[in-house]
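See structure below.
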Amino acid sequence: MLKNYFKIALAVLKRRKFFTFISLFGISFTLTILMVTTALIDKVLSPAYPDYRRDRSLYISKASLLNTKEGWYNGSSVSFRFLNDYVAKMKTPEKVGIFTFSSSANAYVNNKKLVIEYKYTNAPFWEIAEFDFLEGKPYNEQQVQQAARVAVITDRTATKYFGRAEGVTGKYIELDNVNYRVSGVVKGIPRSNRNFYGEIYLPYSVSKNFNGMAGTTGVRDLSVQDRFIGKYGAVLLARSEADVPAMRAEYAQLLKKVFKPQTEYDKLYIHAESIVEGLARNIFGNNEETGIVRMFTFAALLVFLFLLLPTINLVNINITRIMERSSEIGVRKAFGASSRTLVYQFLIENIILTLLGGLIGLVLSSIAIYMFNQADILPDLNLALNLKVLVFGLLLCLVFGFLSGVYPAWRMSRMNVVYALKAK
Amino acid sequence: MLKHLFKLIWNKRKQNVLFLSEILVSFAVIFAVMSMLVNYYLNYSKPSGIEYERVWSVSYRNPLKTENRDSLSLFYENIRRALKAMPQVREVTYSSANFPYSGSVSTTGFSYKGNNLNPINTYMVEDDYQKVLGMKLVEGRWFNSDQDRLNAVKPMVINTSLKRAMFGDDAAAGKTVQADDEKERWKIIGVVEDVKADGDYRPTGPAFYRKIDTASFSWLGNLLIKVGPDADAAFESKMSKLLSSMMQNTDLEIRHMDEMRDSKNGETIIPVIIFMTVAGFLIFNVALGLFGVLWYNISQRRAEIGLRMAIGASSGSISGQLVSESLLLASLSLVVGTFFAIQFPLLSVFNVPAGVYLIALLLSILFIYLLVIFCAFYPGRQAAAIHPAIALHEE
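These protein sequences, in sequence, are chains R and S.
Mind the numbering: the first sequence is residues 11 to 434 in my numbering, read in order.
Mind the numbering: the second sequence is residues 913 to 1307 in my numbering, read in order.
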């Protein structure tokens, strides 16, 4: 039976080439956009090089101090002091990586200016992030303690600065008028991974501001802001996925212990959370709630609205097509086919059409993704069509085919036999 | 005639529901795109208010541990002198972090004569700031330490937007003002042209400029330098070396203002390009769909058309009727669409001026009409070419 429907569907498709083109264009294009977007989102949210262990990691990136009475707000990244003195000493995490979010500095080679984004990190950062070392090795705890001027650079930086990506270990790179010895070269990562992205990685102890930090001798006293707000972020790696709730609980305890409401500021928020939570909180949430529900509702609504236009279009065309076949329907009805059989047949036909469109969409997506990767729009961000994206695409095809097939099929099934036979 | 057309449409209401909703949704998409484009274009057509070419910014962190005004002043004046001694340097000024295109924002708000003004950008500047950025004065003068010292009231410079909000069309320079509920009095010494500090496509808002005092050097972190045309990377490297030898224990970064402007503009343009590509393909999709449906409808009505031609209708009036039928249909959708669209200026959504929405509304209506005419024209011509004898014979 299915085989028969398939044959009919193909015959109908061939009959009206213009309509077939419109339908297939609409379906394949819509799916291409959705699949490329999914691939992009998947790349940003799923575990990828270099932090493969996102399911047992929590990230800290923002601190905010509030005075709820006066409406004062003071927020930025987190202070090194808070992360190093308290968070790094927690018991549940296996390791705590501390880093700055990258900022840029200038290097001058051969009378050319290079802008290089640098990131200060501690030593455990290298154990949490599983970087591919093309050569050399990361700096260790001892080097960090001694404030050794060593650096890990990415292959892109090596090519920019030295003109080649190999054999640069042990050479010196001058950044902002300071010489650093290259201790290793890693494969670069895309900028979208804000926690780990950098073009050159340096031990936090060589930071020029580090010795002048508030609280060290000779500098003004520690204020509340200095204690919590700074330029750093952290990643907390639990021993296993099951340990994550315990880690969250310990962190909440710690935060309560460290900060007591005071006259200047009565609320402190520093969240340790997963990547998805952080993203949702940034865009849709606030300090009290993550806004994950709102984010997914918004995304679903957006996809729905985006699908709406092609769906209406497809419904329009489907009705036109079906009305053209009214004599065929009339004959089948006259010979006793039930409405349900007919609806079933048209739905299947329509789903075959959408799947065909989906196939073209898949080819178009691969071309779009290939072009995106080739054009190097976001350096080091290489999209790929993986299984997740494919399943999502297939699901979309089915939903799309179903949505755009139901109404025309229902209209058709209610057609009166006499009129159907009379038309032509 | 119109009544007759309405009757025809009403008789086919079931078939037309989808056509109507398709037009409605495309109208919504076009209205969104048009609003965005009109808004950006209107902002783009205004002057940028500064000369950003060959202006470099240097960011640093105050490395001094002292709070003493004299030693701070001595240290930073030394740096200024050393920079000015370089042949390629034209002008040097210290600035708060929120200089144009920096992405950093500092705002405040006050009410003046019961008129609540919020947010207002505030900039901390020096005498040479105007020269470095080439800002244009509309009235009065810029800061000048020799003259300002004579005033008992603190001087401030405001921009055109703030002037308009506070004084309307009256002159502002020379007036002494005091915000409601505040003790401090300020003397407005000049009015400058608005500066598009967030890039060429972003609106300017009200802003005022105040002078840096020597105590501010403990938290300031930016230098703006106007350089000559002969300033190249070799010179930049030299300047960077000089600055790091004079200011130790701080990160330094030199950036070029024209590049900062490009990246600021990119933040606006890239989403627009993505949005327009998607909308463009959606509309193309709709156009093909409309074309197909209209074509089919007309081929269904061959008998009717044949009859009309047989009793003497010209081919022009046939295609005219078909096109105007489609236009009438589209108008029904547009009435509904306009009802929703008009809420945007009424509720002033997203703080965009009402004029933007109105222009966008007109453009979207025009666009939809053109789209429908374009899609209906060819099928209409086809219908007009029908031979009455053949069409009637089929029946």
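In this text, a Cβ means the ideal position worked out from N, Cα and C, and glycines have one as well.
- request: Flag Y1269/S as yes if its beta-carbon sits less than 8 Å from any beta-carbon of chain R, otherwise no.
  value: Along the second sequence, read from residue 1 onward, the residue named residue 1269/S stands at position 357. Taking Cβ atoms only, chain R never reaches closer than 8 Å to Y1269/S, which makes this a no.
query: By the criterion of Cβ-Cβ separation under 8 Å, what are the contact partners of G36/R in chain B?
result: The displayed structure is made up of protein chains R and S, and chain B is not among them.
field: Closest residue to V970/S among P999/S, S1156/S and S1057/S (Cα-Cα distance)
entry: The residue you call residue 970/S lines up with position 58 of the second sequence. The shortest Cα separation from V970/S among P999/S, S1156/S and S1057/S belongs to S1156/S.
The region 1243 to 1263 of chain S contacting the region 931 to 939 of chain S, beta-carbon criterion three pairs below 8 Å: yes
message: If I measure Cβ to Cβ from G222/R and keep anything under 6 Å in the same chain, skipping five residues before and after, which residues do I get?
response: Taking the first sequence and counting its residues from 1, one reaches residue 222/R at position 212. Note on G222/R: pLDDT 48, under 50, position unreliable in the model; the coordinate value appears next. Same-chain partners within the cutoff: there are none.
Endpoints, the alpha helix (DSSP H) within which I358/R is located: Along the first sequence, one-based indexing puts residue 358/R at 348. That run of the alpha helix (DSSP H) goes S349 to A385.
query: So, does the CB of S337/R fall closer than 8 Å to a CB anywhere in chain S?
result: If you number the first sequence from 1, residue 337/R lands on position 327. Closer than 8 Å: no.
message: Under 8 Å, CB to CB, which of the residues in the region 954 to 974 of chain S have a partner in chain R?
response: R973
task: Using the Cα positions of T364/R and W1207/S, report the straight-line distance between them to the nearest angstrom.
output: Indexing the first sequence from 1 puts residue 364/R at position 354. Indexing the second sequence from 1 puts residue 1207/S at position 295. Cα to Cα, the separation comes out at about 23 Å.
query: Do the CB positions of G301/R and F356/R come within less than 8 Å of each other?
result: The residue labelled residue 301/R in the question sits at position 291 within the first sequence. The residue labelled residue 356/R in the question sits at position 346 within the first sequence. Contact: no.
task: Show which residues of chain R have a CB atom less than 7 Å away from the CB atom of G1204/S.
output: Along the second sequence, read from residue 1 onward, the residue named residue 1204/S stands at position 292. Within chain R, the residues near G1204/S are F28, F29, I32, I327 and T330.
task: Rounded to whole angstroms, what's the CA-CA distance from S889/S to K79/R? Just pull it up for me.
output: Residue numbering for chain S in the displayed model covers 913 to 1307; residue 889/S lies beyond these limits and cannot be assessed.
query: Between the Cα of L317/R and the Cα atoms of N1197/S, R1173/S and H916/S, which residue gives the shortest distance?
result: Translated into positions along the first sequence, residue 317/R becomes position 307. L317/R has its Cα closest to that of N1197/S, out of N1197/S, R1173/S and H916/S.
Beta carbon of N990/S nearer than 8 Å to that of N1010/S: Sequence index remark: in the second sequence, residue 990/S carries index 78 (1-based). Sequence index remark: in the second sequence, residue 1010/S carries index 98 (1-based). Their beta carbons are not under 8 Å apart, which means N990/S does not touch N1010/S by this criterion.
message: Just to confirm, is the Cβ distance from W1054/S to V1065/S under 8 Å?
response: Walking along the second sequence from the start, residue 1054/S turns up at place 142. Walking along the second sequence from the start, residue 1065/S turns up at place 153. No, Cβ-Cβ distance for W1054/S and V1065/S is not below 8 Å.
- prompt: When burial is assigned at 16 or more other CB atoms within 10 Å of the CB, is P60/R buried or exposed?
  reply: The sequence position of residue 60/R within the first sequence is 50, counting from 1. Burial call: buried.
message: Using the three-state DSSP reduction, which class does G177/R fall into: helix, strand or coil?
response: The residue given as residue 177/R occupies position 167 in the first sequence. Three-state result, G177/R: coil.
query: Mind listing which residues of the region 111 to 137 of chain R have their C-beta closer than 7 Å to chain S's C-betas, in chain order?
result: S114, A115, N116, Y118, N121, K122 and K123
message: Taking a contact to mean a Cβ-Cβ separation below 8 Å, would you say L1045/S touches I962/S in this structure?
response: For this step, residue 1045/S is matched to residue 133 along the second sequence. For this step, residue 962/S is matched to residue 50 along the second sequence. In contact: L1045/S and I962/S (Cβ atoms closer than 8 Å).
task: Look at the alpha carbon of Y96/R and the alpha carbon of K147/R, and state the distance between them as a whole number of angstroms.
output: Here residue 96/R refers to the residue found at position 86 of the first sequence. Here residue 147/R refers to the residue found at position 137 of the first sequence. So the alpha carbons of these two residues sit roughly 28 Å apart.
field: chain R contact for V1184/S (CB, 8 Å cutoff)
entry: As a working mapping, residue 1184/S is identified with position 272 in the second sequence. False, the Cβ-Cβ gap to chain R never drops below 8 Å.
- request: Leaving aside the five residues before and after L93/R along the sequence, list all residues of the same chain whose C-beta is less than 6 Å from its C-beta, in chain order.
  value: The sequence position of residue 93/R within the first sequence is 83, counting from 1. Closer than 6 Å at Cβ, skipping near neighbours: I108, Y242 and A244.
field: Residue interval of the alpha helix (DSSP H) (run including H916/S)
entry: In the second sequence, the residue the question calls residue 916/S occupies position 4. Per DSSP, H916/S belongs to the alpha helix (DSSP H) from L914 to N923.
message: At 4 residues or longer, what runs of the alpha helix (DSSP H) sit wholly inside the region 123 to 164 of chain R?
response: 135 to 138 and 151 to 155
field: Contact the region 1139 to 1150 of chain S vs the region 1095 to 1115 of chain S: 3+ CB pairs below 8 Å
entry: no
task: Check the DSSP bridge columns for A282/R and list the partner residues they point to.
output: Within the first sequence, residue 282/R is the residue found at index 272, counting from 1. According to DSSP, which records beta bridges pairwise, A282/R is partnered with I70/R.
- request: Could you tell me if M381/R is buried or exposed, where buried requires 16 or more neighbouring beta carbons within 10 angstroms of its beta carbon?
  value: Numbered from its first residue, the first sequence carries residue 381/R at position 371. So M381/R counts as exposed.
Helix, strand or coil at W82/R [DSSP, three-state]: As a first step, residue 82/R is located in the first sequence; it is residue number 72 there, counting from the start. It is a strand residue.
task: Can you tell me which of L75/R, W136/R, V325/R and L395/R puts its alpha carbon nearest to the alpha carbon of Y417/R?
output: If you number the first sequence from 1, residue 417/R lands on position 407. The option with the nearest alpha carbon to Y417/R is V325/R.
field: Contiguous beta strand (DSSP E) assignments of at least 3 residues, all confined to the region 233 to 292 of chain R
entry: 242 to 248 and 277 to 283
task: Name the residue from T1005/S, G1021/S and W968/S whose alpha carbon lies nearest to the alpha carbon of N116/R.
output: For the purposes of this step, residue 116/R is taken as residue 106 along the first sequence, with counting starting at 1. The shortest Cα separation from N116/R among T1005/S, G1021/S and W968/S belongs to W968/S.
- prompt: Helix, strand or coil for D1092/S per DSSP?
  reply: Position 180 of the second sequence, counted from the start, is the residue given in the question as residue 1092/S. If DSSP states are grouped into helix, strand and coil, D1092/S belongs with coil.
message: Can you confirm whether P320/R, when its beta carbon is compared against all beta carbons of chain S, has any partner nearer than 8 Å?
response: By 1-based counting over the first sequence, the position of residue 320/R is 310. Yes - at least one Cβ of chain S is within 8 Å of the one on P320/R.
query: Counting only beta-carbon atoms, is D386/R nearer than 8 Å to chain S?
result: If you number the first sequence from 1, residue 386/R lands on position 376. For D386/R, the answer is no, since every Cβ of chain S falls outside 8 Å of its Cβ.
query: What residue range is occupied by the uninterrupted beta strand (DSSP E) comprising M1068/S?
result: Taking the second sequence and counting its residues from 1, the one referred to as residue 1068/S is at position 156. Residues K1066 to N1071.
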